[in-house]
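Let me begin by presenting the structure, written as C-alpha cells, before commenting on it.
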Amino acid sequence: MKIKSFSTAIGLALLSSVIYLPEMARANPKPSIQVAQQRILGSEIDSFTAYPVQRLDPGTQLFFVLRGTPYSRATLTIQNAVQNLPMREVQPGVYEASYMIRQGDRISENTAVLANLQQGDRISSTRLQQPLLAGNSDRRFQSLSVDRFSAQSVQQLDPGTTLNFKLLGTPNATATFSIEGVAYNIPMREESNGLYTGGYTIRRQDYFPPEGTKVTASLQSGNQVVRSRLDRDLVAGDNSSVKTAEIPLQIITPEENARVSGTVEVEGRSAPNATVNVKVQATSSVAGLFGFERNILERTVKADEQGNFSFAFNPTVALPGTKYEVNLSSNNGDRTSEQSLVLFQK
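The numbering used here puts the sequence shown at residues 7 to 352.
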C-alpha cells in the first residue's frame with residue numbers, strides 16, 4: 007500500500023507540473039529569443055523623414071521618405087488616419103509614400119507616424135522624429151545632410167595601404183565612417199567648415215571581398231543621424247585612369263557648389279562630336295535628415311565639332327537649400343570620361 011501511495015503521489019506531482027508548465031511558458035515567452043530579435047531590429051532603417059507642410063487640413067498631402075535595406079517591404083502608419091500604407095521603392099534602399107489628409111482624420115503636430123521595413127522574417131521599426139508642420143521646426147531639427155562622401159582610389163588593398171575619405175556636409179556635426187566587415191565608426195575630423203576627413207590603414211587580417219566592400223559614412227547632430235554610402239570602388243580600375251585621360255570632359259559653367267535659381271543652364275566641353283549622357287538628381291533636406299529625392303533630368307546631348315555642349319534643367323520644386331547633383335558621362339567610341347557637379351537652390 008505504501009508503494010502504491012508513493013507512485014500515486016509521484017504521478018499527481020508530474021501531472022501538476024505538466025499542467026503548470028504551459029502557464030509558465032505563456033508568462034515567460036522565451037525572453038532570450040526576444041532579446042535576439044531586438045538586436046536584429048533597428049539595424050536596417052537608416053532614416054525616416056517627412057516634407058513639412060504649412061497646415062494639417064483635409065486635402066493637404068503628406069510626403070514621406072525612408073532609407074534602409076534595399077529590396078524590402080516598407081509601410082507606414084499615421085495614428086488616427088491610416089495603417090500599413092505601402093511605400094514604393096523608387097531606387098535601391100529609398101522608399102517613398104504620400105498620403106492626402108481626409109475629412110475625419112485626426113492629425114496634429116503630435117500625431118505619431120511609424121514606419122516598418124521588412125525583409126523575410128526580419129522587421130525594423132522607427133518613429134518620425136521631426137514635426138509635420140513647417141512652422142514648428144526649431145534648432146533641434148536644423149537641416150542635416152551629407153552632400154558628398156568620397157574616397158581616394160588605391161591600386162591595391164594590401165596591408166599597410168591607407169584609405170583616405172572625405173565627407174562634405176552640415177558643419178559642426180560628428181562624422182564617422184564604417185567599412186563593412188573590417189572596421190566600424192571610425193572618427194572623421196572636421197578640417198574646415200563642413201569638410202570632414204578620415205583614414206584607415208589596412209591590417210594583415212582585414213578581408214575585402216572580390217565583389218567589393220560597402221563603405222558608409224554617418225553624420226550626427228543631437229538625435230539626428232544621416233548616412234551616405236560610397237558610390238564607387240576603393241580600387242582604381244586598371245584602365246580607368248587611361249580612359250579618363252583619353253577623352254576630355256570639362257564643366258565650364260556654373261561653378262561647383264554654386265547657388266542657382268530658375269532655369270539652370272550648364273555648359274561644358276568634351277571631345278568633338280562626343281556623346282554626353284546627362285543625369286540630374288535633386289535632393290531636398292528639410293527639418294532634419296534627408297527630405298525627398300527626385301530625378302530632374304535624364305537625357306543625351308551631342309558635342310559640336312569644337313567639343314562644346316550645353317543643356318538646361320528646370321527644378322520641379324524650388325525649395326531653398328535643395329541640392330542638385332549633375333552627373334555627366336562622355337563617350338566617343340571606346341573612350342569614356344565622367345564628371346560631376348553639385349549645385350544648390352537659392
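Every residue gets a Cβ at the ideal spot worked out from N, C-alpha and C, and that includes glycine.
Less than 7 Å between C-beta atoms, sequence neighbours within five positions excluded: which residues of the same chain meet that for residue i?
i    : result
I258 : E273, G274, R275
V307 : V282, V284, F315, F317
D63  : I107
In whole angstroms, give me the CA-to-CA distance for residue i and residue j.
i    : j    : result
T250 : G205 : Because T250 sits at a pLDDT of 39, beneath the cut-off of 50, its placement in the model cannot be relied upon, and the following sentence gives the value as read from the coordinates. Rounded to the nearest angstrom, the two C-alpha atoms are 26 Å apart.
Y190 : S184 : 4 Å
I84  : I51  : 18 Å
L334 : I113 : 43 Å
L91  : L82  : 5 Å
P76  : P98  : 5 Å
F155 : Y202 : 9 Å
V96  : V71  : 10 Å
G126 : A264 : 44 Å
A80  : V88  : 14 Å
L138 : N116 : 8 Å
S68  : A140 : Looking at the sequence itself, residue 68 is Leu, so the reference to Ser does not match. Their Cα atoms are separated by approximately 12 Å.
Q345 : T182 : 26 Å
A157 : L325 : 30 Å
Return the residue from the list the options that minimises the CA-CA distance to residue i.
i    : options                : result
T176 : S234, V160, E217, F69  : S234
N337 : G313, L240, P92        : G313
P321 : V348, T269, S346, N279 : T269
V188 : P137, I113, G200, R209 : R209
E304 : S151, V88, A288        : A288
R133 : F54, E271, E331        : F54
V332 : S224, A118, G339, Q256 : Q256
S224 : S151, E261, G126, G218 : S151
N170 : A179, S267, I192       : I192
S159 : E196, G74, V241, P260  : V241
A309 : A277, T180, N86        : A277
A280 : G228, N116, Q162, G339 : G339
N178 : V232, Q226, A56, D239  : Q226
L433 : Y213, T182, S346       : Residue 433 is absent from the structure shown; the chain starts at 7 and stops at 352.
V119 : P260, L347, A56, E102  : A56
Sort out for me which residues DSSP pairs residue i with in a bridge.
i    : result
I185 : A189, V221
Q158 : Per DSSP, none; premise fails for Q158.
P92  : T81
I257 : G274
Y101 : L72, E95
Y202 : L173, E196
Y57  : F69
By a C-beta neighbour count over all protein chains shown, 10 Å radius and 16 as the cutoff for buried, is residue i buried or exposed?
i    : result
K329 : buried
Q135 : buried
T207 : exposed
K104 : Just to set this straight, residue 104 is Ser in the shown sequence, not Lys. Per the 10 Å Cβ criterion, exposed.
N122 : buried
S130 : buried
P216 : exposed
Verify the contact flag: residue i, CB atom, against every heavy atom of the ligand FMN, threshold strictly below 7 Å.
i    : result
D127 : In terms of ligand content, the structure shown is empty, and the ligand FMN therefore cannot be addressed.
Ordered along the chain, which non-local residues of its own chain (more than five positions away) have a Cβ less than 6 Å from that of residue i?
i    : result
I302 : V286, A288, F319
V221 : I185, L236
R300 : A288
T180 : Q226
Y101 : L72, A80, M93, E95
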